[in-house]
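First comes the structure, then the notes that go with it.
There are 2 protein chains.
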Amino acid sequence: MTAPVQIIGSYVSPYVRKVLVCLDLKGIAYKIDPIIPFMGDDRFAQVSPLRRIPVFQDSRVTLTDSSVICQYLEDSQPEPAFYPRDIVDRARARWLEEFADTRMGDVFIWRLFNQVVINPRVWGEKTDAAILEQTLEHDLPDVLNHLETQLPAAGFLFGEISIADVSIACFFRNASFARYTVDAGRWPRTAGFVERVLALPSFERLKRFEDKMIRTPIPKHREVLAELGAPLLEETYGTTTPRRGVMRS
Amino acid sequence: MTAPVQIIGSYVSPYVRKVLVCLDLKGIAYKIDPIIPFMGDDRFAQVSPLRRIPVFQDSRVTLTDSSVICQYLEDSQPEPAFYPRDIVDRARARWLEEFADTRMGDVFIWRLFNQVVINPRVWGEKTDAAILEQTLEHDLPDVLNHLETQLPAAGFLFGEISIADVSIACFFRNASFARYTVDAGRWPRTAGFVERVLALPSFERLKRFEDKMIRTPIPKHREVLAELGAPLLEETYGTTTPRRGVMRS
């Protein structure tokens, strides 16, 4: 890295979490403007045309999309490696990341987390019981059935921790914010894997910020994070009025 | 590459097209099973859990997701390069690919192409005039306004042709299948760029297959492609009954 790294985006987002874990694993310091994307101002729209978080900035480039950011971090600072060395394993890891970011994103974020957390707290809307039931009874089990065939009984997917493990585990933090935990009787590999990955120090260091944000009204986020000693960026791209718009990984 | 490459997926898909152009630029031969994803059988669901096309197979790995496939091709056979050498340019190219695959995918495929081509021909449903109008009047202009600020007045985005140029241009082929062309008075850079990229031999070699498929009933696709001398895979993962399901890039 050639300059201080800045991240725009809330600790609550799984895509922000992926990038923060990658930065931590590589030992790269950063400052963060922890906004939720619905609350981005016009400058935010300029740096993130699709109003996505996280946004990454260093002295050379501004990037959105967590996958593009992590690959750039790997290209810029290859050690410690965050992608498998073997070409075939690397492709499989990228596919598992894509599976997590799109399919798990749809189910864990746009259905479960959206219904249980975002709708009531950001928009003041009631949880849609039919969507929630479909998610809990069908969509989440479908994803977990698939993961159960992919995940290892011990250790990580490709030996060392990689983008694949981190991408998948990030969504289970948001599941827990919506009070969903994996049934270890039904999906033992997945339950064990998630526990192992989320116990890594790079995840652990974020938990007190995340847990507090889930219990804090949005307008108070910065103030409370400052009290907790989060590495806040001084300027903010946030506003006080939620705004609907395009926003994905 | 260590073995003959097999591609599953229709010539009509922008994501299949991206991979076929990449293979052509790298001089890698392939066989193709040109199914549309709605017509994939149970074996297709096994190789592509999200029922996406293209599926890529060689002796070492089976992959879905066009971005993962192209990056694997680059890792396996780095020359000629399909990604910029400079780390910052490479990150920007990956972001433009992501913008194309998700935002242009939404607008060009899931709204425009879906309404004009897929709904009537695959499902026997009428075009939704309100969605089509919103797409033509607002969504497509929004995308083109953004592209107009990103694309070069001459040549390609990063000197040599790269993943970014190809990813963007692929969607304009599908726009033309839906009889939409860029207004060169309003978006001159975009119109010129699209014309330059689509004139490359790697795109030109696919056009007779694509143009014919757009005019051929789906059950006749294989037969007509065989007559045209397409490099067909002998086996097929296709069935004759369309089936709705998850399917993205």
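Chains A and B supply the protein sequences, listed in that same order.
Per our numbering, the first sequence starts with residue 1, numbered consecutively.
Per our numbering, the second sequence starts with residue 1001, numbered consecutively.
Note that beta-carbon positions come from the ideal geometry of N, C-alpha and C, so glycine has one too.
| Check | Outcome |
| --- | --- |
| CB contact flag (residue 193 of chain A, residue 168 of chain A, <9 angstroms) | yes |
| The beta strand (DSSP E) enclosing residue 1005 of chain B, as first and last residue numbers | 1005 to 1008 |
| Contact list for the stretch 1139 to 1152 of chain B against chain A, Cβ threshold 9 angstroms | 1146 |
| Beta-carbon spacing of residue 1095 of chain B, residue 68 of chain A below 9 angstroms | yes |
| Chain A contacts from the stretch 1201 to 1226 of chain B (Cβ-Cβ distance under 9 angstroms) | none |
| Beta carbon of residue 181 of chain A nearer than 9 angstroms to that of residue 151 of chain A | no |
| C-beta atoms of residue 41 of chain A and residue 238 of chain A nearer than 9 angstroms | yes |
| Helix, strand or coil at residue 30 of chain A according to DSSP, with G and I counted as helix | strand |
| Partner residues on chain A for residue 1133 of chain B, Cβ-Cβ distance less than 8 angstroms | The premise fails here: residue 1133 of chain B is roughly 19 angstroms from chain A at the closest Cβ pair, so nothing lies under 8 angstroms. |
| Beta carbon proximity, residue 167 of chain A to chain B, threshold 9 angstroms | no |
| When A/183, A/142, A/236 are compared against residue 103 of chain A, the one with the closest alpha-carbon | A/142 |
| Alpha carbon of residue 1047 of chain B to alpha carbon of residue 1177 of chain B, nearest angstrom | 28 angstroms |
| As assigned by DSSP and simplified to three states, the class of residue 159 of chain A | strand |
| Same chain, Cβ closer than 7 angstroms to residue 1224 of chain B, neighbours up to 5 away in sequence not counted | 1212, 1216 |
| Residues of its chain near residue 83 of chain A, where Cβ-Cβ distance is below 7 angstroms and the 5 sequence neighbours each way are ignored | 74, 90, 93, 162, 163 |
| Beta carbon proximity, residue 1171 of chain B to chain D, threshold 9 angstroms | The structure shown contains no chain D; the protein chains it does contain are A and B. |
| Three-state class that DSSP yields for residue 149 of chain A in the structure shown | helix |
| is_contact[residue 1072 of chain B, chain A] using C-beta, thresh 9 angstroms | yes |
| Helix, strand or coil at residue 1056 of chain B according to DSSP, with G and I counted as helix | strand |
| Helix, strand or coil at residue 40 of chain A according to DSSP, with G and I counted as helix | strand |
| From B/1218, B/1099, B/1179, B/1166, residue whose alpha carbon lies closest to that of residue 1024 of chain B | B/1166 |
| Identity of the residue in A/114, A/66, A/154 nearest residue 21 of chain A by Cα | A/66 |
| Minimum Cβ-Cβ distance from residue 61 of chain A to chain B less than 9 angstroms | yes |
| Contact with chain A by residue 1080 of chain B, beta-carbon distance below 9 angstroms | no |
| Cβ separation of residue 1017 of chain B and residue 1173 of chain B, assumed to be a contact under 8 angstroms, to the nearest whole Å | 6 angstroms |
| Cβ contact (3+ pairs, closer than 8 angstroms) linking the stretch 2 to 13 of chain A and the stretch 29 to 44 of chain A | yes |
| Residue 238 of chain A (DSSP reduced to helix, strand or coil) | strand |
| Span separating the alpha-carbon of residue 146 of chain A from that of residue 1242 of chain B | 24 angstroms |
| Entirely enclosed alpha helix (DSSP H) segments - the stretch 1193 to 1226 of chain B, minimum 4 residues | 1201 to 1214 |
| Assigned secondary structure, residue 1133 of chain B (DSSP; H/G/I helix, E/B strand, else coil) | helix |
| Per-residue burial, residue 133 of chain A [other beta carbons within 10 Å of its own, 16 or more giving buried] | exposed |
| Limits of the alpha helix (DSSP H) - the one that residue 20 of chain A falls within | 14 to 25 |
| Cβ-based neighbour list, residue 1122 of chain B, same chain, cut-off 8 angstroms, excluding 5 preceding and 5 following | 1036, 1038, 1218, 1242 |
| Any chain B beta carbon closer than 9 angstroms to residue 67 of chain A | yes |
| Coarse secondary structure for residue 181 of chain A, derived from DSSP in three states | coil |
| Sub-9 angstroms separation of residue 31 of chain A and residue 231 of chain A beta-carbons | yes |
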